Amino acid sequence: DARVTQTPRHKVTEMGQEVTMRCQPILGHNTVFWYRQTMMQGLELLAYFRNRAPLDDSGMPKDRFSAEMPDATLATLKIQPSEPRDSAVYFCASGLVPGSGETDTQYFGPGTRLTVL
Amino acid sequence: QKEVEQDPGPLSVPEGAIVSLNCTYSNSAFQYFMWYRQYSRKGPELLMYTYSSGNKEDGRFTAQVDKSSKYISLFIRDSQPSDSATYLCATQKAAGNKLTFGGGTRVLVKP
C-alpha cells in the first residue's frame with residue numbers, strides 16, 4: 057500500500073530553534089507539495105517541486121523557510137528561526153504528472169504537527 | 012477574500028440523511044475540482060475529482076460543478092456515522108498544479 061510518509065509526526069520546540077521536517081513521496085511520483093494547515097487560514101500551499109526542481113515557492117516566507125529535494129525519495133522543509141506563528145500542521149503531498157484524470161491526484165501524508173513555544 | 016469559500020459548519024445530520032456541501036470560487040481559471048475528506052488528525056484523502064462542469068457519481072457520493080456560477084457541490088446519500096469528517100473542496104488551474112482549498116466543512120452524522 058503506497059503512501060506518503062512524514063517525519064516527525066509531532067514536534068514541540070522553542071522559539072528561535074531550527075525545525076526540519078521530512079517527507080518521503082510515493083515511489084515513482086515526480087511532484088511533491090508542501091502545504092500548511094491552520095485553523096485561521098486552512099490549507100495553503102508553501103512550495104512544490106517537479107522532478108526535484110522548485111516550481112513555486114511563493115507561499116513560503118523566504119526569510120525563514122527553505123524547501124529542498126536532495127533526491128527523488130526525500131523532500132525537506134526547514135524553518136530557521138522558528139516562531140510561535142509557525143505552529144501548524146505541515147502536510148506533504150505527492151503526485152505523478154503528467155497523468156490522466158485521477159492520476160493527477162495529490163496524495164497527502166499524515167502531517168507533522170508543529171508547536172513553537 | 013479567499014479564492015474558494017466554504018461554509019465551516021458544523022453540519023449535523025441524522026444517519027441515513029443526505030448531506031449537501033458546497034463551495035463557491037472566484038477565479039474562472041480553475042478547471043479541475045476536487046473534494047477531499049479529512050478525518051481528525053489525519054491527512055486529506057481524495058473523494059471525488061471532476062474536470063470542468065458536470066456531474067460525477069461514485070457510490071453514495073455525487074459531485075456537481077457549475078462553472079457558469081462558479082459553484083461546486085458534493086452530496087452524500089444514505090449518510091453513515093463513518094462519514095463524520097471535515098470535507099474540503101479544492102480547485103486547480105491545470106493538472107499537476109497546486110490545489111487551492113476551501114476552509115472545509117465539518118460534518119457530523121449522528122446514529
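Each protein sequence line maps, in turn, to chains A and B. Just so we're on the same page, this note's numbering is the position in the first sequence counted from 1, plus 56. Just so we're on the same page, this note's numbering is the position in the second sequence counted from 1, plus 11. All C-beta atoms in this analysis are idealised placements derived from N, C-alpha and C, irrespective of residue type, glycine included. Note that the coordinates shown come from a computational prediction; the quantities given were computed from them, not determined experimentally.
Classification of residue i by the beta-carbon crowding that lies within 10 angstroms, buried from 16 upward
| i | result |
| --- | --- |
| glycine 65 (chain B) | exposed |
| tyrosine 50 (chain B) | exposed |
| histidine 85 (chain A) | buried |
| threonine 63 (chain A) | exposed |
| threonine 61 (chain B) | buried |
| lysine 104 (chain B) | exposed |
| isoleucine 87 (chain B) | buried |
| glutamine 136 (chain A) | exposed |
| glutamine 162 (chain A) | buried |
Contact belief for residue i with residue j at Cβ below 8 Å, rounded distance in angstroms
| i | j | result |
| --- | --- | --- |
| glycine 115 (chain B) | glutamine 17 (chain B) | 6 Å |
| valine 145 (chain A) | glutamine 93 (chain A) | 5 Å |
| valine 68 (chain A) | arginine 106 (chain A) | Their Cβ separation, rounded to whole angstroms, is 33 Å, which puts valine 68 (chain A) and arginine 106 (chain A) out of contact at 8 Å. |
| serine 138 (chain A) | methionine 71 (chain A) | 6 Å |
Bridge-paired residues (DSSP) for residue i
| i | result |
| --- | --- |
| methionine 45 (chain B) | B:Tyr60 and B:Ala101 |
| valine 68 (chain A) | A:Thr171 |
| leucine 133 (chain A) | A:Met77 and A:Ala123 |
| serine 31 (chain B) | B:Phe86 |
| glycine 151 (chain A) | A:Thr87 |
| leucine 93 (chain A) | The identity of residue 93 (chain A) in the sequence shown is glutamine, whereas the question assumes leucine. According to DSSP, glutamine 93 (chain A) bridges with A:Leu99 and A:Val145. |
| aspartate 69 (chain B) | B:Phe72 |
| arginine 59 (chain A) | Answer by DSSP bridge pairing: none, since arginine 59 (chain A) is not bridged. |
| tyrosine 36 (chain B) | B:Val15 |
| aspartate 77 (chain B) | B:Tyr82 |
| serine 23 (chain B) | B:Leu119 |
| threonine 111 (chain B) | B:Thr102 |
Original post:
Just by C-beta distance, which residues in the region 128–153 of chain A are closer than 7 Å to chain B?
Top reply: Phe147, Gly151 and Val153
Original post:
Any chance the region 34–51 of chain B sits against the region 66–84 of chain B, with 3 or more Cβ pairs inside 8 Å?
Top reply: yes
Subject >> Members of the region 84–109 of chain A near chain B, C-beta cut-off 7 Å >> reply: Thr87, Phe89, Gly98, Leu99, Leu101 and Tyr104
Original post:
With a cut-off of 8 Å, do at least 3 Cβ pairs link the region 127–142 of chain A to the region 68–80 of chain A?
Top reply: yes
**OP:** Taking only beta carbons into account, state which residues of the region 34–60 of chain B come closer than 9 Å to chain A, listed in chain order.
**Re:** Tyr43, Met45, Tyr47, Gln49, Arg52, Lys53, Gly54, Pro55, Glu56, Leu57 and Tyr60
**OP:** Examine the Cβ distances between the region 106–119 of chain A and the region 44–60 of chain B and report whether three or more of them are shorter than 8 Å.
**Re:** no
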